[in-house]
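S.K.:
2 protein chains.
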Amino acid sequence: MSCSEEYTPQLRARGYRMTPQRHAILHVLCHSGIHLSPTQVYQQAVKELPDITETTVYRTLEFLAENGLAYPAHMGSGHLGYQIARNDHHHLVCRNCGKEMEVDHALVKSMYQKLESASGYKLTDSHVTFFGLCSNCK
Amino acid sequence: MSCSEEYTPQLRARGYRMTPQRHAILHVLCHSGIHLSPTQVYQQAVKELPDITETTVYRTLEFLAENGLAYPAHMGSGHLGYQIARNDHHHLVCRNCGKEMEVDHALVKSMYQKLESASGYKLTDSHVTFFGLCSNCK
DNA sequence: TTCCTTATTGCAACTTTTTGCAATAGTATG
DNA sequence: CATACTATTGCAAAAAGTTGCAATAAGGAA
Ligand SMILES: [Mn+2]
Ligand SMILES: [Mn+2]
Ligand SMILES: [Zn+2]
Ligand SMILES: [Zn+2]
Numbered sequence: 049m050s051c052s053e054e055y056t057p058q059l060r061a062r063g064y065r066m067t068p069q070r071h072a073i074l075h076v077l078c079h080s081g082i083h084l085s086p087t088q089v090y091q092q093a094v095k096e097l098p099d100i101t102e103t104t105v106y107r108t109l110e111f112l113a114e115n116g117l118a119y120p121a122h123m124g125s126g127h128l129g130y131q132i133a134r135n136d137h138h139h140l141v142c143r144n145c146g147k148e149m150e151v152d153h154a155l156v157k158s159m160y161q162k163l164e165s166a167s168g169y170k171l172t173d174s175h176v177t178f179f180g181l182c183s184n185c186k
Numbered sequence: 049m050s051c052s053e054e055y056t057p058q059l060r061a062r063g064y065r066m067t068p069q070r071h072a073i074l075h076v077l078c079h080s081g082i083h084l085s086p087t088q089v090y091q092q093a094v095k096e097l098p099d100i101t102e103t104t105v106y107r108t109l110e111f112l113a114e115n116g117l118a119y120p121a122h123m124g125s126g127h128l129g130y131q132i133a134r135n136d137h138h139h140l141v142c143r144n145c146g147k148e149m150e151v152d153h154a155l156v157k158s159m160y161q162k163l164e165s166a167s168g169y170k171l172t173d174s175h176v177t178f179f180g181l182c183s184n185c186k
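Sequence lines, in order, name chains U and L.
Going by the working numbering, 185 is the number at position 137 of the first sequence; the sequence numbering is gapless.
Going by the working numbering, 148 is the number at position 100 of the second sequence; the sequence numbering is gapless.
1. Is residue 139/U close to ligand 1? I mean its beta-carbon at under 8 Å from any heavy atom of the ligand.
2. Of all the alpha helix (DSSP H) runs that stay within the bounds of the segment 90-135 of chain L, which reach a length of 4 or more residues?
3. Counting contacts by CB-CB distance shorter than 9 Å, is residue 173/U in contact with chain L?
4. Short of 6 Å in beta carbon distance, which residues of its chain neighbour residue 96/L, apart from the five on each side in sequence? Order them along the chain.
5. Is there a Cβ from chain L that is less than 9 Å from the Cβ of residue 118/U?
6. Alpha carbon to alpha carbon, what distance is there between residue 179/L and residue 142/L?
7. What whole-angstrom Cβ distance do residue 151/L and residue 85/U have, given they're in contact under 8 Å?
8. Can you tell me which of 146/U, 160/U, 75/U, 174/U puts its alpha carbon nearest to the alpha carbon of residue 181/U?
9. Taking the alpha helix (DSSP H) that residue 164/U falls in, what are its first and last residues?
10. Using a beta-carbon distance cut-off of less than 9 Å, what residues from the segment 50-78 of chain U approach chain L?
11. Should residue 142/U be flagged as near chain L, meaning a C-beta pair shorter than 9 Å?
12. From residue 79/U to residue 157/L, what does the alpha carbon distance come to, in whole angstroms?
13. Please go through the same chain and pick out, in chain order, the residues whose beta-carbon is closer than 6 Å to the beta-carbon of residue 11/U, but skip the five residues on each side of it.
14. From residue 75/L to residue 105/U, what does the alpha carbon distance come to, in whole angstroms?
15. Do you know how far the Cα of residue 121/U is from the Cα of residue 89/L?
16. Who pairs with residue 141/U in a beta bridge, going by DSSP?
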């Protein structure tokens with residue numbers, strides 16, 4: 049019944065394994081929904097799995113991002129946060145007050161296509177953070 | 049004659065000071081042109097200014113970015129690099145081979161405007177890293 | 001030039017993140 | 001169920017990045 053169950057076959061199919069640590073971390077990400085720092089993930093996960101280590105959290109978050117199960121996000125601090133992968137979206141962050149807002153990928157899809165045809169690249173990541181000033185701060 | 053001279057009046061005008069450390073760091077950034085990690089900047093700067101410390105390099109790079117003299121860049125690793133601020137541009141990075149390419153801001157300007165009118169934000173940072181697969185790897 | 005204000009630096013302690021390697025434990029197979 | 005293979009983990013040490021605070025020095029004013 050844990051939301052992390054659904055990921056087991058995805059991992060197996062690629063030759064990876066489902067472990068209690070990955071369960072715990074996926075569980076944390078699923079039930080939060082928002083971006084969490086590795087430390088925040090660790091603090092939540094260790095409640096469920098007292099033996100989990102920070103090292104494993106860092107490695108697992110990177111692993112999940114590489115395999116498309118989590119989105120890495122550049123937070124205001126310049127550090128990475130992570131979020132369970134669901135709908136394609138991007139973020140706007142206010143440089144002044146930190147206020148954050150999600151925008152659907154559809155809004156920038158045509159720009160992605162323009163970039164692709166101009167560069168020859170195929171853009172894979174649909175989770176970008178744009179910085180600016182929010183309506184209050186500008 | 050050092051490229052860093054031109055920044056002195058900009059700093060003074062805002063109540064900041066030009067120091068040998070800032071000279072050295074701006075010099076490194078100017079003559080590199082490309083994105084450098086804080087460690088790389090330190091290793092170059094310490095050759096010119098043996099007493100400079102890593103702490104100062106971290107603080108100075110953040111300071112220069114906040115004041116628009118340097119662009120912070122999210123490198124493939126997820127860590128921050130820095131580059132002297134010149135022409136507005138963005139980056140495409142290949143997730144597979146790491147190949148990097150610059151694209152002019154003009155190419156995404158209309159999308160920035162679309163995002164601004166849809167969100168109410170004023171987008172200030174014109175130095176974004178997009179990830180994908182290059183023409184060879186896709 | 002000298003004095004004064006305070007922005008900036010260096011140091012030391014601390015936190016966060018990364019890495020190598022040996023021990024552990026998923027899971028496929030018989 | 002037992003065995004083998006190797007992906008994954010934990011540990012310890014190292015590297016990278018941050019923070020508080022006292023000492024230093026840039027640069028405006030006299
Ligand atoms: Mn997100
Ligand atoms: Mn750049
Ligand atoms: Zn704001
Ligand atoms: Zn490539």
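No residue lacks a Cβ here, since even glycine has one placed at the ideal position from N, Cα and C.
M.R.: Concretely, from the data shown:
1. Here residue 139/U is taken as the residue at index 91 of the first sequence, counted from 1. Residue 139/U Cβ: within cutoff of ligand 1.
2. As far as the segment 90-135 of chain L is concerned, its whole alpha helix (DSSP H) runs of at least 4 residues are 102-114.
3. The sequence position of residue 173/U within the first sequence is 125, counting from 1. At least one chain L Cβ lies under 9 Å of residue 173/U.
4. On the second sequence, residue 96/L is found 48 positions in, with the first residue counted as 1. Counting only Cβ-Cβ distances below 6 Å, and skipping sequence neighbours, we find 72.
5. To locate residue 118/U, count along the first sequence from 1; it is residue 70. Taking 9 Å as the CB threshold, residue 118/U stays off the interface with chain L.
6. On the second sequence, position 94 is the one that residue 142/L refers to. On the second sequence, position 131 is the one that residue 179/L refers to. Our two residues, residue 142/L and residue 179/L, have alpha carbons roughly 6 Å apart in a direct line.
7. Taking the first residue of the second sequence as 1, we reach residue 151/L at position 103. Taking the first residue of the first sequence as 1, we reach residue 85/U at position 37. Residue 151/L to residue 85/U, Cβ: 30 Å. No contact.
8. One-based indexing of the first sequence puts residue 181/U at position 133. It is 146/U whose Cα lies nearest to the Cα of residue 181/U.
9. If you number the first sequence from 1, residue 164/U lands on position 116. Counting along the chain, the unbroken alpha helix (DSSP H) around residue 164/U starts and ends at 157-167.
10. If you check each beta-carbon in the segment 50-78 of chain U against every beta-carbon of chain L, none falls closer than 9 Å.
11. As a first step, residue 142/U is located in the first sequence; it is residue number 94 there, counting from the start. Closer than 9 Å: yes.
12. For the purposes of this step, residue 79/U is identified with residue 31 of the first sequence, where counting begins at 1. For the purposes of this step, residue 157/L is identified with residue 109 of the second sequence, where counting begins at 1. One Cα belongs to residue 79/U, the other to residue 157/L, and the distance between them is close to 36 Å.
13. Outside the displayed range of chain U (49 to 186) lies residue 11/U, so it cannot be described from this structure.
14. As a working mapping, residue 75/L is identified with position 27 in the second sequence. As a working mapping, residue 105/U is identified with position 57 in the first sequence. Taking the straight line joining both Cα atoms gives about 39 Å.
15. As a position in the second sequence, residue 89/L is number 41, starting the count at 1. As a position in the first sequence, residue 121/U is number 73, starting the count at 1. Rounded to the nearest angstrom, the two C-alpha atoms are 25 Å apart.
16. Within the first sequence, residue 141/U is the residue found at index 93, counting from 1. Residue pairing by DSSP places residue 141/U opposite 148/U, 179/U in a beta bridge.
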